[in-house]
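Here is the structure we will look at, set down as structure tokens.
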Amino acid sequence: MSAQPETATATPPPPGDERLVDIGLGKRLLGRPDIGAFLGAVAVFIGFSYFASDVGWATDPGIWASWTDQAAQYGIVAVPVALLMIGGEFDLSAGVMIGSSGLLLGYLATNGNMNIWPAMAIVLLFGLTVGFLNGITVVRTRLPSFIVTLATFFILQGINAALTLKLTGTTAIQDIDSAGGFDSARRFLASEFSRYDFKVKVLWWIGITIVGAWLLAKSRFGNWIYAAGGDAVAARNVGVPVARTKVILFMMTSATAALMGIIEALELRSMQSKEGIGLEFIFIICAVVGGCLLTGGYGSVIGTFFGAAMLGMVQLGIVYAQWDSNWTFTFQGVILFLAVMLNTLIRGRAQRAG
Amino acid sequence: MSETAGTTNGTHLLEVENVSKHFGNVVALKDVSVHVDAGQVTCILGDNGAGKSSFIKIVSGVHRQDGGRMLVDGEEVLFDSPRDARALGIATVYQDLAMCPLMSIWRNFFLGEEPRRWNFPLGPIDQAFAKRTAREQMAQMGIDVRDPEQPVGTLSGGERQAVAIARAIYFGARVLILDEPTSALGVKQAGIVLRYILQAKERGVGVIFITHNPHHAFPVGDHFILLNRGRVIGDYAKGRVTRDELVRQMAGGAELDELTHALETQTPGE
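As given, the protein sequences belong to chains A and B, one line each in that order.
Just so you know, we're using this note's numbering here: the first sequence kicks off at 1 and counts up by one.
Just so you know, we're using this note's numbering here: the second sequence kicks off at 355 and counts up by one.
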């Protein structure tokens, strides 16, 4: 890759070097973990351009605004979920955390009479704390994170329902917009821009994707994420702080879910106690479609971005094509299956070529 | 961390003195003493369960010994982590090579020691430097890496050893501990790795070569330590022991003689 000329110290390739074959551009492109998600998103887009052509799927910016809204809802939290997965762990509590955080914000803003900005800071701290507890439990007990975060999921789900009912007498917290600072916070996180009403959260989605992709590809921390998921023992032996890396990843995931909860509470001005449940699997689907291996050590944030875009398009495309929206889940399942098959195939082929 | 103890007569680069280790009620090592000097290869020979792995883990800072002490340049040291050991120039190349197969050559080469641009905590990895250096260092081991982005999993066993050894030497290893580097390799690849060991020795590195194969140890070793059931059962300088004697001791020595005798006397009766 580097533009450096062959150094004088380099000896001519000895025998046994014939295993190094120059990989062509096509193969190298196919070797990227994110190519499958990109091609899939393009295919879904083209598909709905046909099936929903009469409403102008491809050309109406208003429709772009609606599916990107949906995709951002998935894609923001999918970024840290993907990083966590590359780091070898799962977080099944990422969906319910959206509800818990939105409810906490609503409670602080209404019953607590707080200004929305400090309330948001408290909610983010809450997110970091839950992530820390998830992470420290996983690295200390060495239990599978699947189990640990499944427990967190159910604990939070119960708390969300029971506490909301006890504190408000209903299943939702209303009138969050009565809090001071609400309008400025909403403008910052949950408003619309341009005359087609694109959501500001789409910009957050893109921004968080760029930060996540940069972290993974360019930073030391990114190298440690790959290593923690690829071979934790090997990584520890060469001095990578594996436990710390994983705990930070859990904290990033829960904090981002908390941010999503804040965005939803600001957008809807109220919060249902069941909000977010079920999204944890959507995040994982985005990551897997994006090329992340369930076993860790491999994956892509850019791919996850296209995975979220694809799922957002499917969700809205089915509506615009006037199909029964019950098919959405089936589509998501088929996409997951095809993506895994395709990624496995591509990776296998690319590695054999090397 | 350390306290001076100039008790040894003539200090060694690394000296392990009467080190013991037990896990629960299992004695892994008992009074094991080993030393290595710069530009020397000390071979530690032992069968499965002889205590080789425990020895490596203590010297590389993964475990703390229960008894005995370690000295580097004649100074007593205590390691809390592999980082401490590496800070003193003790690098270990593990049997599983401490590499992530799906990660690229350059990412593996610099894993845990990533060079940062601007030397700033959040500064990005200097990828151009990392890729160039990985290539140059591999070239010095006689391997031409065309694409440092190639996943390590696509390299052959010998080439992976080369990456691991080159990495350790590049990061200033004065003592290189090699854990069974030839055990998973074919005859030709093993020969190439033995050459890497001699190369490291010529560059002034002290090598501790851990193996169960006396045929691999004999041609490169300056000193031979035989381990069995966590104890030292033989300690020879080069020239004081023959290859056949090493083979005989490794194969169980007296036990083998008995077995051979038993088999020989049985055969005619069949």
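Beta carbons: idealized from backbone N, C-alpha and C, even for Gly.
Keep in mind that this is a model prediction, so the values were computed, not measured.
Report yes if the CB atom of Glu371 (chain B) is closer than 9 Å to the CB atom of Gly428 (chain B), and no otherwise.
In this structure, Gly428 (chain B) does not lie closer than 9 Å to Glu371 (chain B) by Cβ.
So Cys454 (chain B) contacts chain A; which residues on that side make the cut at Cβ distance below 8 Å?
Tyr226, Ala227, Gly230, Asp231, Ala234, Ala235, Gly297
Starting from His577 (chain B), follow its DSSP beta bridges and name the residues at the other end.
B:Thr396, B:Ala591
Give me, in chain order, the residues of the same chain whose beta-carbon lies closer than 8 Å to that of Cys381 (chain A); leave out the 5 immediate sequence neighbours on both sides.
No statement about residue 381 (chain A) is possible, as the shown extent of chain A runs from 1 to 354 and does not include it.
Using the beta-carbon count (16 or more within 10 Å), is Phe182 (chain A) buried or exposed?
buried
Can you tell me whether DSSP reads Ile285 (chain A) as helix, strand or coil?
helix
Can Phe38 (chain A) and Met313 (chain A) be called in contact, C-beta distance under 9 Å?
no
Using the three-state DSSP reduction, which class does Asp337 (chain B) fall into: helix, strand or coil?
As shown, chain B starts at 355 and ends at 624. That puts residue 337 (chain B) outside it, with no answer to give.
Since I believe Phe563 (chain B) is in contact with Leu532 (chain B) (beta carbons under 8 Å), could you give me their beta-carbon distance rounded to a whole number of angstroms?
5 Å
Determine, for Lys166 (chain A), whether the minimum Cβ-Cβ distance to residues of chain B falls below 9 Å.
For Lys166 (chain A), no Cβ of chain B is located within less than 9 Å of the residue's own Cβ.
Classify His615 (chain B) as helix, strand or coil using the three-state DSSP reduction.
helix
Just curious, the beta strand (DSSP E) that Glu556 (chain B) is in, first and last residue?
Taken as a continuous stretch (DSSP letters only), Glu556 (chain B) belongs to no beta strand (DSSP E), being part of the alpha helix (DSSP H) at 541 to 556.
Taking the straight line between their C-alpha atoms, what separation do you get for Ile147 (chain A) and Thr256 (chain A)?
21 Å
Measuring alpha carbon to alpha carbon, tell me which residue in A:Leu104, A:Asp60, A:Val289, A:Ala232 is nearest Thr344 (chain A).
Closest option to Thr344 (chain A), Cα to Cα, is A:Val289.
Express the C-alpha separation of Arg220 (chain A) and Glu468 (chain B) in angstroms, rounding to a whole number.
6 Å
Buried or exposed, going by whether 16 or more other CB atoms sit within 10 Å of the CB of Ser325 (chain A)?
exposed
For chain A, check one thing: does any of its Cβ atoms lie closer than 9 Å to the Cβ of Gly466 (chain B)?
yes
With distance defined between alpha-carbon atoms, name the residue in A:Gly333, A:Gln315, A:Leu336, A:Glu89 nearest to Phe48 (chain A).
A:Gln315
Span of the beta strand (DSSP E) holding Lys384 (chain B)?
In the DSSP annotation of this structure, the continuous segment of the beta strand (DSSP E) that includes Lys384 (chain B) starts and ends at 380 to 390.
Do we get a CB-CB distance below 9 Å when we pair Ile398 (chain B) with the residues of chain A?
no
Restricting to Cα atoms, I'd like to know which of B:Ala605, B:Gly584, B:Glu618 is closest to Gly403 (chain B).
Here the closest residue by C-alpha is B:Gly584.
Specify, as a first and last residue, the run of the alpha helix (DSSP H) that Asn223 (chain A) falls within.
220 to 230
Between Val395 (chain B) and the rest of its own chain, which residues show a CB-CB distance below 6 Å, the 5 nearest in sequence each way excluded?
Lys555, Val561, Phe563, Val574, Gly575, Asp576
For the pair the segment 132 to 145 of chain A and the segment 181 to 201 of chain A, tell me if three or more CB-CB distances fall below 8 Å.
no
Name the chain A residues that come within less than 8 Å of Arg557 (chain B), Cβ to Cβ?
Simply none; closest approach about 14 Å.
I need the DSSP call for Ser408 (chain B), collapsed to helix, strand or coil.
In this structure, DSSP gives Ser408 (chain B) a helical state, which the three-state scheme calls helix.
Hey, is the segment 97 to 108 of chain A in contact with the segment 244 to 261 of chain A, meaning 3+ C-beta pairs nearer than 8 Å?
yes
So who's on the other strand from Asp533 (chain B), going by DSSP bridges?
Beta-bridge partners of Asp533 (chain B) (DSSP): B:Ile564.
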